[in-house]
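In terms of the working numbering, the sequence shown has 71 at position 67, counting the first letter as 1, and numbering is strictly consecutive.
Worksheet: one structure, shown below.
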Amino acid sequence: MLTVEYKTKTGEWIKAIDKEWATRRGVEHWLNHTWAGVGLTCRYEHVRVVGEESRRKPFTGIDPTGWVHVGDVFHCRWGYDTINNDFYEVVSVSPSGKTCTIRQINTLIDGDPNYPGGCYARPQLTGDDHFCGQPIPRKRIRVFQPTSGRASCSITMSPGMGSAMLMEPEDYVQGYMEDHCD
5 MLTVEYKTKT GEWIKAIDKE WATRRGVEHW LNHTWAGVGL TCRYEHVRVV GEESRRKPFT
65 GIDPTGWVHV GDVFHCRWGY DTINNDFYEV VSVSPSGKTC TIRQINTLID GDPNYPGGCY
125 ARPQLTGDDH FCGQPIPRKR IRVFQPTSGR ASCSITMSPG MGSAMLMEPE DYVQGYMEDH
185 CD
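Structure, rendered in structure tokens:
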């Protein structure tokens with residue numbers, strides 16, 4: 005781990021802060037932003053970085069194999085001033101089980117999304133017309149185990165849309181709040 009030391013007027017090196025960093029990039033960020041943000045001037049000839057850089061550990065999430073099957077539904081909630089819900093059905097899973105192809109499905113609306121109180125949205129699971137849009141291939145499946153609670157499965161959507169979470173069968177009938185008023 006890396007630490008930052010500074011040189012006093014007497015020439016003695018003292019630990020600058022009781023904090024450690026894994027990489028030099030973190031130290032540089034702290035020096036450039038934190039010290040400058042509080043108005044301190046830092047002359048780099050009076051500061052040194054001590055220690056060894058730590059290599060980043062590989063991702064240790066749960067193996068996603070077997071978590072997702074054809075027919076499973078993912079829910080994505082997004083929006084800045086509005087609340088929008090999209091639902092995606094898994095149409096194929098790769099042989100490794102780590103990626104899948106999804107396709108957006110239509111949404112059933114209970115109420116008026118333009119009403120100030122909003123409405124509730126559910127996925128349309130049946131019918132020949134329940135798909136909308138083209139298949140989206142090669143979505144990476146991620147499974148996380150929080151320190152407390154049960155594991156969750158998600159796929160990353162396009163930038164700015166966040167993640168889509170795997171729905172449990174009992175969630176299919178639950179309504180998700182949707183509001184198009186900003």
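All C-beta atoms, glycine included, are put in the ideal place defined by N, C-alpha and C.
Everything numeric in this text was worked out from a predicted model, so none of it was measured.
For a cut-off of 8 Å, the C-beta gap from Arg-107 to Ile-140 is around 7 Å, short enough to register as a contact. Residue range 103 to 109 is occupied by the beta strand (DSSP E) that includes Arg-107.
Taking the Cα positions, Met-165 is about 13 Å away from Tyr-92. Counting only residues of its own chain and dropping the five nearest sequence neighbours on each side, Tyr-180 has a CB closer than 6 Å to the CB of Asn-89, Ala-125. Remark: three or more beta-carbon pairs, one from each stretch, lie closer than 8 Å, so the region 167 to 174 and the region 68 to 88 are flagged as touching.
Listed in chain order, the non-local C-beta contacts of Gly-70 below 7 Å within the same chain comprise Gly-101, local neighbours out to five positions each way being set aside. Remark: C-beta atoms of Cys-104 and Ile-145 approach each other more closely than 8 Å.
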